[in-house]
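Take 1 as the starting number for the sequence shown in UniProt numbering and just add one per residue.
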Amino acid sequence: MSIPLIDEAGILAISTRLQRLSEQLRKDCALLYKAQGIDFEPKWFPVIYALHQKPVLSVVEIATEIGYTHPSTISLLKELEKHKLIRSRRDKQDERKRLLQLTDKGQALVTQMQPAWQVLTRVLTALTDTPNNLLTALDEVERALVQKSLIDRLLSAVETKPTRVSPTA
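Right, dumping it as structure tokens:
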């Protein structure tokens with residue numbers, strides 16, 4: 001098997017390689033769910049998991065918990081509501097705020113998924129438990145980016161061209 005050309009770009013291709021890895025993990029997780037007779041899309045996981053852990057959350061709280069933008073979160077929530085896995089209601093203290101929770105169908109889905117999550121946890125832990133542990137490395141990079149964003153680091157690293165000073169007469 002030959003190495004994809006993009007891998008030769010090294011660190012320049014980190015985003016591409018992370019996306020490729022993410023797509024492979026999602027695809028294989030979807031196949032596991034299907035093999036287990038579970039009707040579930042891996043992209044739903046962050047919201048389902050967040051609401052499983054914290055039974056009532058606002059849209060903003062969900063976006064914060066899963067680390068997605070507000071528009072991406074809204075899109076995902078609409079899809080989950082369409083599949084009747086979550087429901088929303090207005091907050092009595094703040095009518096502008098929607099509170100979300102799993103439906104009975106969503107809770108039943110979580111129960112059905114628990115064995116698959118245990119297998120995924122075991123297999124992914126073994127897969128990433130290397131001298132350069134992927135999860136540890138991701139944690140380190142994400143913490144560093146919270147301290148100083150990539151764009152701030154890039155702009156700091158760009159050399160500014162010295163201004164030419166014209167000789168005075």
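Glycine included, each C-beta is placed from N, C-alpha and C at the ideal position.
Contacting residues, own chain, Cβ-Cβ under 7 Å from Lys92 (five flanking each side not counted): Locating residue 92 in the sequence shown gives position 92, counting from the first residue. Around Lys92: no qualifying Cβ.
Exposure label - Ser149; buried when at least 16 CB within 10 Å: Mapped onto the sequence shown, residue 149 falls at position 149. Flag for Ser149 reads exposed.
What is the residue span of the beta strand (DSSP E) that Ser149 lies within? Reading the sequence shown from its first residue, position 149 is the one you call residue 149. Here Ser149 belongs to no beta strand (DSSP E), and DSSP marks it neither H nor E.
Just to confirm, is the Cβ distance from Lys105 to Lys84 under 7 Å? Locating residue 105 in the sequence shown gives position 105, counting from the first residue. Locating residue 84 in the sequence shown gives position 84, counting from the first residue. Cβ atoms of Lys105 and Lys84: closer than 7 Å.
Could you compute how far the alpha carbon of Leu21 sits from the alpha carbon of Leu80? Start at 1 with the first residue of the sequence shown, and residue 21 comes out as number 21. Start at 1 with the first residue of the sequence shown, and residue 80 comes out as number 80. Going by the C-alpha atoms only, they are around 25 Å apart.
Considering only the beta carbon of each residue, do Ser58 and Leu99 sit closer than 7 Å? Locating residue 58 in the sequence shown gives position 58, where the first residue counts as 1. Locating residue 99 in the sequence shown gives position 99, where the first residue counts as 1. In this structure, Leu99 lies closer than 7 Å to Ser58 by Cβ.
First and last residue of the beta strand (DSSP E) that includes Ser88? As a working note, residue 88 is residue 88 in the sequence shown. Its beta strand (DSSP E) spans residues Ile86 to Arg90.
Whole-angstrom C-beta distance between Gln36 and Ala116, which should lie under 8 Å: Translated into the one-based positions of the sequence shown, residue 116 becomes position 116. Translated into the one-based positions of the sequence shown, residue 36 becomes position 36. So it is a contact: roughly 5 Å between Cβ atoms.
With respect to the beta strand (DSSP E) encompassing Leu102, which residues constitute its N-terminal and C-terminal limits? Along the sequence shown, read from residue 1 onward, the residue named residue 102 stands at position 102. Segment Arg98 to Leu102, the beta strand (DSSP E) holding Leu102.
Assign Ala108 to one of two classes, buried (16 or more other C-beta atoms within 10 Å of its C-beta) or exposed (fewer than that). Reading the sequence shown from its first residue, position 108 is the one you call residue 108. Burial call: exposed.
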